[in-house]
Amino acid sequence: MDKGMPPDAVTYSSLIQGLCEERRLSEAHHLFEQMVNNRMGIAGGLHPDSFTYTILIDAYCREGEVGRALNLHDEMVNRGILADVVTYSVLINGLVKKARTKVAKQLLFRMFHDGSIPPEITYDQLIGRWSDGDSGVALMKGFCMKGLMSEADRVYRSMVEKHWKPTEAAYNAMIRGHSRGGSIWKALELYREMRGSGYIPNIISVIALIKGLSYEGRS
């Protein structure tokens with residue numbers, strides 16, 4: 001490098017990315033640690049940002065080393081660096097490939113908490129790995145509990161499109177979620193669909209429906 005032009009964060013991020021593309025992860029990580037520990041001898045310091053972290057996280061995920069990728073994610077959070085949708089998507093993809101869907105779901109929830117809405121492909125990749133549907137139901141229930149009904153609907157539709165048959169637990173969660181969220185027509189539609197499938201809504205779902213109807217003035 002030109003001694004008269006001290007390198008900046010962009011320069012080092014580019015170098016790290018180049019090393020990662022050549023699968024020279026140990027060298028890339030060494031350079032990254034120099035940035036983190038400010039061993040550059042640059043006045044004012046030089047620190048990696050979300051982009052720099054994501055470069056390494058992506059590289060480790062591609063190599064199947066999701067444990068190291070997760071450690072980097074935790075490190076950036078501890079340093080107060082907000083992960084963006086790209087960071088989360090890279091991590092979720094890596095976790096799904098390793099069949100670690102529980103951790104992937106936790107990250108997906110965190111994305112919504114942080115306001116980083118994931119691209120549609122994230123749902124497809126997650127749901128595509130859930131053969132029994134149990135994890136999909138757990139994800140729907142989580143969204144319902146948080147009042148994120150549009151996201152619960154997206155998961156529900158994606159699973160149905162993959163020829164998944166809604167379970168009793170899934171129906172109950174969705175009926176309660178829509179009833180409490182004010183979408184009583186959607187809740188009633190699911191109620192009729194549930195009865196048509198041979199399931200009987202539980203008492204909690206029935207109470208939620210009644211309350212929803214009363215709010216609509218239709219009791």
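What the sequence shown shows, in the UniProt record's numbering, is residues 1 to 219, in sequence order. Even for Gly, the Cβ is constructed at its ideal location relative to N, Cα and C. As the structure is a prediction and not an experimental result, all values here were calculated from the model.
Where residue i falls, given that 16 or more other Cβ within 10 Å makes a residue buried
i	result
residue 56	buried
residue 163	exposed
residue 172	buried
residue 102	exposed
residue 156	buried
residue 145	exposed
residue 151	buried
residue 142	buried
residue 251	Outside the displayed range of the chain (1 to 219) lies residue 251, so it cannot be described from this structure.
residue 60	buried
Sub-8 Å separation of residue i and residue j beta-carbons
i	j	result
residue 179	residue 139	no
residue 66	residue 95	yes
residue 137	residue 169	yes
residue 16	residue 52	yes
residue 25	residue 12	no
residue 107	residue 88	yes
residue 86	residue 54	yes
residue 83	residue 50	yes
residue 183	residue 159	no
DSSP-derived helix/strand/coil call for residue i
i	result
residue 219	With a pLDDT of 49 at residue 219, under the threshold of 50, the modelled position of that residue is not reliable, and the figure given next carries that caveat. Residue state, collapsed to three classes: coil.
residue 167	coil
residue 71	helix
residue 199	coil
residue 183	coil
residue 47	coil
residue 160	helix
residue 175	helix
residue 154	helix
residue 78	helix
residue 65	coil
residue 136	helix
residue 209	helix
residue 146	coil
At 4 residues or longer, and completely inside the UniProt repeat "PPR" (84-118): list those alpha helix (DSSP H) runs for me, N to C. Listed in chain order, they are 85-97, 101-114.
Going residue by residue through the UniProt repeat "PPR" (8-42), where are the continuous alpha helix (DSSP H) segments of at least 4 residues, counting only ones entirely within it? The UniProt repeat "PPR" (8-42) contains, as complete alpha helix (DSSP H) runs of 4+ residues, the segments 9-21, 25-36 (chain order).
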